[in-house]
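Only one structure is covered here, and it is reproduced in the block below.
Residue numbers (this note's numbering): 10 to 68.
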């Protein structure tokens with residue numbers, strides 16, 4: 010996994026799974042199917058732009 014290819018992540022303890030939010034163009038083979046017995050789910054989302062970041066900061 011290269012720098013900048015993991016935008017954020019979320020862990021669900023009840024389901025024992027972690028969701029990695031990754032850019033649309035990322036290759037699935039760069040990520041493991043599980044980490045130490047915890048399932049990994051990839052969810053593709055667009056990269057934030059400076060416009061989006063500015064909107065979040067102004068809230």
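We put the CB at the ideal spot given by N, CA and C, even for glycine.
From a predicted model like this one, the values you see are computed outputs, not experimental measurements.
Margin query: Please list the terminal residues of the continuous beta strand (DSSP E) segment that includes residue 27.
Written below: Segment 26-31, the beta strand (DSSP E) holding residue 27.
Next item on the list: State the Cα-Cα distance for the pair residue 66 and residue 31, rounded to the nearest angstrom.
Entry: Taking the straight line joining both Cα atoms gives about 21 angstroms.
Notebook entry, point to check: So residue 37 packs on residue 51, CB below 8 angstroms; how close in whole Å?
Noted result: Yes, they are in contact, since the Cβ atoms of residue 37 and residue 51 sit about 6 angstroms apart, within 8 angstroms.
Next item on the list: May I have the straight-line CA-CA distance separating residue 42 from residue 28, to the nearest angstrom?
Entry: Residue 42 and residue 28: Cα-Cα distance of roughly 11 angstroms.
Checklist line | DSSP state of residue 45 mapped onto helix, strand, coil | finding: Correct three-state label for residue 45: coil.
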